[in-house]
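To keep things clear, I will list the structure first and then write my remarks on it.
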Amino acid sequence: MNQLLIDYTLHLADNSLILGQRNSEWCGHGPVLEQDIAITNISLDLIGQARNFYQYAATLINNQSAAKVSPVGEDLEGAATEDSLAYLRKENEFKNCLLVELPKGDWAQTILRQFFFSQYQYLLFQQLQDSKNEQIAAIAEKSLKEITYHLRWSSEWVIRLGDGTEESHERMLKAIDGLWKYTGELFEASSYELGVAGNGTGIDVSKLKEPWINKVTEIFSEATLSIPGEVSIQTGGKEGNHTKNLGNILTELQYMQRTYPGCEW
Amino acid sequence: MTIHTINKEAIYFYLEEINDPEVPVLSIIDLGIVRDIKMSNDELEVIITPTYTGCPAMDMISATIKIQLATLGFKKIKITQALSPAWTTEWMSEEGKRKLKEYGIAPPNPKQQVCDQKLFAAAEAVQCPHCDSYHTHRISEFGSTACKALYQCDDCKEPFDYFKCH
Chain B
319 MNQLLIDYTL HLADNSLILG QRNSEWCGHG PVLEQDIAIT NISLDLIGQA
369 RNFYQYAATL INNQSAAKVS PVGEDLEGAA TEDSLAYLRK ENEFKNCLLV
419 ELPKGDWAQT ILRQFFFSQY QYLLFQQLQD SKNEQIAAIA EKSLKEITYH
469 LRWSSEWVIR LGDGTEESHE RMLKAIDGLW KYTGELFEAS SYELGVAGNG
519 TGIDVSKLKE PWINKVTEIF SEATLSIPGE VSIQTGGKEG NHTKNLGNIL
569 TELQYMQRTY PGCEW
Chain S
135 MTIHTINKEA IYFYLEEIND PEVPVLSIID LGIVRDIKMS NDELEVIITP
185 TYTGCPAMDM ISATIKIQLA TLGFKKIKIT QALSPAWTTE WMSEEGKRKL
235 KEYGIAPPNP KQQVCDQKLF AAAEAVQCPH CDSYHTHRIS EFGSTACKAL
285 YQCDDCKEPF DYFKCH
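Okay, structure coming up:
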């Protein structure tokens, strides 16, 4: 039972870390200074969420096992820490959904992905506030205040770009085309999500799909955009089967710790 | 000095001297970051809460608290981070708000003014910390740190930081 909770906590942490890392690529490259600051502030919030989840996961792992090899990562030796979980796990040990690892693309793609994800997190964390697991509930309650900002900001930008110029509208259409097939995975429960939903720690993510679609439809209609029909969805990230993009991110993210193990500054 | 010869109020008094590294005019007490102090036989536990989830100042604040209390003679000091209840600007002291304004940062408005802002809602009325005018507009919802937004005064034309209501 504890392994399910560890996997679930890592899944939540990985989602936030990877999207935070992706968004941080805009640092110094945003379309205007204010939006550069906005997207990097959002990165900071996401990495903060990840830290909270990793710290909790590390506690769970250390309580569970005195074994030499950690149950969650081959390269982890000794006690797990928030840093070892972020810097020393391999690609197939990450449990984030595919949506968050995709390249940042242009501003339209970054905005649309943030909107999809923030809307998902908003619905998910609202419910996790009432989780029977006190720490998950506390992290959700805390994060939700910031997610509310992320959602408002990204919703406004979807409308601004969708209902903007011919070019911005075109770019949004392209972003929808590229990202939509990755949204289905958010609502397809993995084995550990089902496990923690069963004991009141997590929730049944499939139930979030309808309210999510409704909110996206509402914002899209203001943005003069429409949601695509049925498409075959891409899944696997939650179980460790990733696109090549995750490898690229981890190469950069983990470079220092892989090259100079234990390095500090 | 032993724990038995010092009371909680005195500890708060000493913690009052520790400032937030990003908003150095505010002490951690003004900000409402210190939630509780627990004293047991030989251990002093300080319970703190982050302002924002990703606030990078928390590690430094924890370290500074430890150093400050160690110089007072405490040997076993434990810093615990509590996330719930989530920090809110309602916990900022009146003294803190006064100091912020004097420093040139508009203090947070009371909470009820900004709950559930609608999309593209007009920015809340924020008073310019320099000339007290309410003719101001928001330049960016996100500012130089997670807790601030950027505003500009339409009367004196000065840009200024607003400590967001949270």
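Protein sequence lines correspond, in order, to chains B and S.
Quick note on the working numbering: the first sequence kicks off at 319 and runs consecutively.
Quick note on the working numbering: the second sequence kicks off at 135 and runs consecutively.
Don't be surprised by glycine CBs; every beta carbon is placed ideally from N, CA and C.
Secondary structure in the segment 244-293 of chain S: the beta strand (DSSP E) runs of 3 residues or longer, each lying completely within the stretch, are 270-274, 282-287 in chain order.
Around Phe254 of chain S, the beta-carbon contacts reaching into chain B at under 7 Å are Glu474.
At a Cβ-Cβ threshold of 8 Å, Gln437 of chain B and Glu400 of chain B do not count as neighbours. Secondary structure of Ala455 of chain B (DSSP, three-state): helix.
When Cβ-Cβ separations below 8 Å define contact, Ile454 of chain B makes no contact with chain S. Boundaries for Val180 of chain S: no alpha helix (DSSP H) harbours it, while the beta strand (DSSP E) harbouring it runs 177-182, taken from the DSSP string.
The three-state secondary structure of Tyr296 of chain S, taken from DSSP, is strand. Under DSSP, Ala240 of chain S shares a beta bridge with S:Tyr296. With a 10 Å radius around the Cβ and a threshold of 16 neighbouring Cβ atoms, Asn320 of chain B comes out exposed. One Cα belongs to Ala283 of chain S, the other to Asn175 of chain S, and the distance between them is close to 44 Å. Glu343 of chain B is not a Cβ neighbour of Leu416 of chain B, given a cutoff of 8 Å.
With a 10 Å radius around the Cβ and a threshold of 16 neighbouring Cβ atoms, Tyr573 of chain B comes out exposed. Under the three-state reduction of DSSP, Thr214 of chain S is assigned to strand.
Annotated as proximal: Thr187 of chain S and Gly366 of chain B, with beta-carbon spacing under 8 Å.
A straight line joining the alpha-carbon of Arg169 of chain S with that of Lys298 of chain S spans about 20 Å.
Per DSSP, the unbroken alpha helix (DSSP H) holding Asp332 of chain B starts and ends at 320-341. Along the segment 351-435 of chain B, the alpha helix (DSSP H) occurs as fully enclosed runs of 4 or more residues at 351-382, 400-405, listed in sequence order. Taking 8 Å as the threshold, the shortest C-beta distance from Cys189 of chain S to chain B falls below it. In this structure Ile454 of chain B is not in contact with Leu441 of chain B, their Cβ atoms being roughly 15 Å apart against a cut-off of 8 Å. Residue burial is scored here from C-beta neighbours: Thr483 of chain B has fewer than 16 other C-beta atoms within 10 angstroms and is therefore classed as exposed.
Of all residues in the segment 410-426 of chain B, none places a beta-carbon less than 8 Å from a beta-carbon of chain S. Residue state for Asn153 of chain S is assigned as strand, using DSSP reduced to three classes.
Residue burial annotation: Tyr500 of chain B is buried, with at least 16 other C-beta atoms found within 10 angstroms of its C-beta. The beta carbon of Asp363 of chain B sits closer than 8 Å to some beta carbon of chain S. Minimum Cα-Cα distance from Leu497 of chain B among the listed residues B:Leu378, B:Leu322, B:Phe435, B:Ile360 corresponds to B:Phe435. Of the candidates B:Ala426, B:Thr428, B:Gln432, B:Asn370, B:Asn370 places its Cα closest to the Cα of Leu403 of chain B.
DSSP, reduced to helix, strand and coil, places Met226 of chain S outside both helices and strands of the structure shown, so it counts as coil.
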